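Novice:
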Amino acid sequence: MSMVMRAVRFVIVGGFLGAGKTTLLCRLAERYVELGGKVGFITNDQADNLVDTKLVELRGFQAKEIPGGCFCCRFDELIIAAEEFVKETQLEILLGEPVGSCADLAATVIQPLRRKYKDLFELAPFSVAVDPFRLEELLMKEGRGKFRTLLTYLTEIFILKRKKPRFPASIAYLFAKQLEEADIIVLNKVDLLSETDRRRMLGFLKERFTDAVVVLVSARTGEGLDRWLDVLKQDLSAGREPLEIDYDRYAEAEAELGWLNATFKVSQKDGFKAGVLLQELALDLRERFSLQKAEIAHLKMFLGSGGRGASVSLVRNEAEPELSEEEKDTIHEATLTINGRVHLSPDLLRQAVAGGVDAVTRKLGINYSIEQLSSFRPAYPTPKYRYNTTAEE
Ligand SMILES: Nc1nc2c(ncn2[C@@H]2O[C@H](COP(=O)(O)OP(=O)(O)O)[C@@H](O)[C@H]2O)c(=O)[nH]1
Ligand SMILES: [Mg+2]
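For the sequence shown, the numbering used here begins at 152 and goes up steadily by one.
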């Protein structure tokens, strides 16, 4: 019997928190399954209890979580987990989602995988997803004059009587670096854009990131997915220059974000609706963060009970919370998982979430207990490998 193993196709989609990586990967997964492929997810976070893992499992996909740091710092764990996962389940396609605050993945993950593990994995071009609103706010506005910035600032203070929470410049730096190393830039959520904005953003991305192929996609409607799938088949990563990145600035950007992963048990004798609790909680927390001028990068919550679940997601303070397809059943007992990545100190973030859960459950007459509540800043990135030149294959 022949023992020739085919390399598993590995598709990694990076990009900032809230860009839509998980949603995009679920779309890809559905498509690969339609084409007859066997697909598994590798999710990744600084800590465990990841909402994304629960979400992809809920959609019927198998998933393996790599906690405790990003792929680059947990490279060996990534390899072991991926190998095991593939063996156990005979996967043909692996879909990987790295931590949304991680950069320099081409040199620290993609290249090592291409060079050292090419018998095991066949790497797809590296896609980086981008949310149009963050793109506008963090990169496209940066070139505008000081006068306009001052005017905007004064308008906010004197006319709107509030100062909008904003990310610091270090996060804009990190965001730009994530896009700079993409083989494919996936401008996602184009369902929310006008024709003019699509053209304007496409023009900006093509001019600024000349090495990348830019595709316009909506993970929500499926628009642009075929074109992205086509580009994913191409051999794009040959001859790319390694990213020039200042690790101190990158680490500073990551450390601007407070990171919180928490789980609570919630219950009510008469039962409650998942959507109501999630929505109220998202609004309450958004208000708490806005009062502290703390911009939300991604707040994601999952309420799971007996193999079912519902989730809510909030990707900036000015957005509205988005509920998953509503879980209609009445819930008596469930586990609430909260993943928050917010521009706020870990202590204040923990206090806000503890306070929010307490206030909202009290208002709705729901009992709760804390199972786990931890918050921290991501540590300085220390990748296991870093390749400075492009692979000769
Ligand atoms: N309108 C719209 N929303 C999207 C799209 N893709 C993702 N989202 C929403 O963006 C939020 C963040 O998505 P998620 O996949 O969790 O982002 P991740 O943090 O990058 O993995 C969720 O509320 C998604 O429903 C899209 O194509 N259009
Ligand atoms: Mg995700």
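Ideal Cβ placement from N, Cα and C applies to all residues, glycine included. Remember, it's a predicted structure, so these values are computed and weren't measured experimentally.
Could you tell me the boundaries of the beta strand (DSSP E) in which D421 lies?
Specialist: Numbered from its first residue, the sequence shown carries residue 421 at position 270. Counting along the chain, the beta strand (DSSP E) containing D421 begins and ends at 409-424.
Novice: Looking only at its chain, what residues have a beta carbon closer than 7 Å to the beta carbon of E331, apart from the 5 residues adjacent to it on each side?
Specialist: The sequence position of residue 331 within the sequence shown is 180, counting from 1. Excluding sequence neighbours, E331 sits near F360, L394.
Novice: With DSSP run on the structure shown, which of helix, strand or coil describes F192?
Specialist: In the sequence shown, the residue the question calls residue 192 occupies position 41. Correct three-state label for F192: strand.
Novice: Can you name, in chain order, every residue of its own chain whose Cβ lies under 7 Å from the Cβ of Q329, other than the five neighbours on each side?
Specialist: Position 178 of the sequence shown, counted from the first residue, corresponds to residue 329. Closer than 7 Å at the Cβ level, and outside the excluded window around Q329, lie G165, G166, F167, A254, V279.
Novice: Apart from the five residues on each side of it in sequence, which residues of its chain come closer than 7 Å, Cβ to Cβ, to K267?
Specialist: Your numbering for residue 267 matches position 116 in the sequence shown. Nothing meets the Cβ criterion.
Novice: Mark P529 as exposed unless 16 or more other C-beta atoms lie within 10 angstroms of its C-beta, in which case mark it buried.
Specialist: One-based indexing of the sequence shown puts residue 529 at position 378. Result: buried.
Novice: Three-state secondary structure (DSSP) at V511?
Specialist: Indexing the sequence shown from 1 puts residue 511 at position 360. If DSSP states are grouped into helix, strand and coil, V511 belongs with the helices.
Novice: Consult DSSP for F236 and reduce its assignment to one of helix, strand or coil.
Specialist: Translated into the one-based positions of the sequence shown, residue 236 becomes position 85. Helix, per DSSP.
Novice: The beta strand (DSSP E) that contains V493, what's its start and end?
Specialist: Counted from its first residue, the sequence shown places residue 493 at position 342. Taken as a continuous stretch (DSSP letters only), the beta strand (DSSP E) holding V493 covers 481-493.
Novice: Report all residues from its chain with a CB closer than 7 Å to the CB of Y536; omit the five preceding and five following residues, and keep chain order.
Specialist: Residue 536 sits at position 385 when you count from the first residue of the sequence shown. Cβ within range, chain order: F226, T259, P263.
Novice: Is V190 near L229, with beta carbons less than 9 Å apart?
Specialist: Start at 1 with the first residue of the sequence shown, and residue 190 comes out as number 39. Start at 1 with the first residue of the sequence shown, and residue 229 comes out as number 78. No, Cβ-Cβ distance for V190 and L229 is not below 9 Å.
Novice: Taking a contact to mean a Cβ-Cβ separation below 9 Å, would you say L325 touches L338 in this structure?
Specialist: On the sequence shown, residue 325 is found 174 positions in, with the first residue counted as 1. On the sequence shown, residue 338 is found 187 positions in, with the first residue counted as 1. It is not a contact, given that the beta carbons lie outside the stated cut-off.
Novice: Between the Cα of S369 and the Cα atoms of A363, D362, W379, which residue gives the shortest distance?
Specialist: Position 218 of the sequence shown, counted from the start, is the residue given in the question as residue 369. The candidate whose alpha carbon is nearest that of S369 is W379.
Novice: If you compare alpha carbons, which of L286, D342, G457 is closest to F318?
Specialist: Position 167 of the sequence shown, counted from the first residue, corresponds to residue 318. When each option's Cα is compared against that of F318, the closest is L286.
Novice: Report, in whole angstroms, the separation of the C-beta atoms of M452 and L432, which I expect to be a contact under 8 Å.
Specialist: Reading the sequence shown from its first residue, position 301 is the one you call residue 452. Reading the sequence shown from its first residue, position 281 is the one you call residue 432. The pair is a contact, with the Cβ atoms about 6 Å apart (cut-off 8 Å).
Novice: Under the criterion of a Cβ to heavy atom distance below 8 Å, does T481 qualify as lining ligand 2?
Specialist: In the sequence shown, counting from the first residue as 1, residue 481 sits at position 330. Checking the Cβ of T481 against ligand 2 gives no.
Novice: Using a threshold of 9 Å, state whether the C-beta atoms of E576 and N468 are closer than that.
Specialist: Here the chain comprises residues numbered 152 to 544, so residue 576 is not present and cannot be evaluated.
Novice: Comparing C-alpha positions only, which one of T174, V184, L206, A257 sits nearest to I396?
Specialist: Residue mapping note: residue 396 aligns to position 245 of the sequence shown, counting from 1. Measuring from the Cα of I396, the nearest candidate turns out to be A257.
Novice: Using only Cβ atoms and a threshold of 6 Å, which residues come within that distance of a heavy atom of ligand 2? Order them by chain position.
Specialist: In chain order, the hits are K172, T173, D203, E248.
Novice: What three-state label does DSSP hand S464 in the structure shown?
Specialist: Position 313 of the sequence shown, counted from the first residue, corresponds to residue 464. Looking at S464 - three-state DSSP - the assignment turns out to be strand.
Novice: Below 8 Å, is the gap between the Cβ of A370 and the nearest heavy atom of ligand 1?
Specialist: For this step, residue 370 is matched to residue 219 along the sequence shown. Answer for A370: yes, Cβ within range of ligand 1.
Novice: Could you check what DSSP says for V368 in three-state terms: helix, strand or coil?
Specialist: For this step, residue 368 is matched to residue 217 along the sequence shown. Three-state result, V368: coil.
Novice: Rounded to the nearest angstrom, what separates E208 and L179 at their Cα positions?
Specialist: Within the sequence shown, the letter at position 57 stands for residue 208. Within the sequence shown, the letter at position 28 stands for residue 179. Taking the straight line from one Cα to the other gives about 15 Å.
Novice: Hey, would you say the C-beta of L168 is under 8 Å away from at least one heavy atom of ligand 1?
Specialist: The residue labelled residue 168 in the question sits at position 17 within the sequence shown. For ligand 1, at least one heavy atom lies less than 8 Å from the Cβ of L168.
Novice: Compute the Euclidean distance between the alpha carbons of D270 and H494, then round it to the nearest angstrom.
Specialist: The count along the sequence shown starts at 1 and reaches residue 270 at position 119. The count along the sequence shown starts at 1 and reaches residue 494 at position 343. So the two alpha carbons sit approximately 41 Å from each other.
Novice: Hey, could you find the ends of the alpha helix (DSSP H) R350 is sitting in?
Specialist: Here residue 350 is taken as the residue at index 199 of the sequence shown, counted from 1. Note, R350: alpha helix (DSSP H), 346-359.
Novice: Under the criterion of a Cβ to heavy atom distance below 8 Å, does N339 qualify as lining ligand 1?
Specialist: Translated into positions along the sequence shown, residue 339 becomes position 188. Yes, since a heavy atom of ligand 1 falls inside the 8 Å radius drawn around the Cβ of N339.
Novice: As a quick exercise: from L242, L515, R400, G251, pick the residue whose alpha carbon is nearest that of K424.
Specialist: As a position in the sequence shown, residue 424 is number 273, starting the count at 1. The shortest C-alpha separation from K424 is found at L515.
Novice: Taking the continuous beta strand (DSSP E) assigned at L179, which residues delimit it?
Specialist: Locating residue 179 in the sequence shown gives position 28, where the first residue counts as 1. Per DSSP, L179 belongs to no beta strand (DSSP E); it is in the alpha helix (DSSP H), 172-185.
Novice: Quick check on G460: buried or exposed, where buried means 16 or more other Cβ atoms within 10 Å of its Cβ?
Specialist: Counted from its first residue, the sequence shown places residue 460 at position 309. It counts as buried.
Novice: When you compare each of I261, E239, V184 to P249 by their alpha carbons, which one comes out closest?
Specialist: Residue 249 sits at position 98 when you count from the first residue of the sequence shown. Looking at the Cα atoms, I261 is the closest of the given residues.
Novice: If you follow the alpha helix (DSSP H) that R266 is part of, which residue opens it and which one closes it?
Specialist: The residue you call residue 266 lines up with position 115 of the sequence shown. Taken as a continuous stretch (DSSP letters only), the alpha helix (DSSP H) holding R266 covers 262-267.
Novice: Using CA atoms only, rank isn't needed, just tell me which of I482, T533, I489, P534 is closest to G523.
Specialist: Position 372 of the sequence shown holds residue 523. In the sequence as presented, Gly is not what sits at residue 523; that position holds Gln. Closest option to Q523, Cα to Cα, is I489.
Novice: To the nearest angstrom, how far is it from the Cα of F222 to the Cα of S456?
Specialist: Taking the first residue of the sequence shown as 1, we reach residue 222 at position 71. Taking the first residue of the sequence shown as 1, we reach residue 456 at position 305. C-alpha separation (whole angstroms): 30 Å.
Novice: Determine the burial state of I521: buried for a count of at least 16 other Cβ atoms within 10 Å of its Cβ, exposed for fewer.
Specialist: Your numbering for residue 521 matches position 370 in the sequence shown. Counting Cβ neighbours within 10 Å, I521 comes out exposed, since fewer than 16 surround it.
Novice: Under the three-state reduction of DSSP, which class applies to Q213: helix, strand or coil?
Specialist: Within the sequence shown, the letter at position 62 stands for residue 213. DSSP places Q213 in strand when its eight states are reduced to three.
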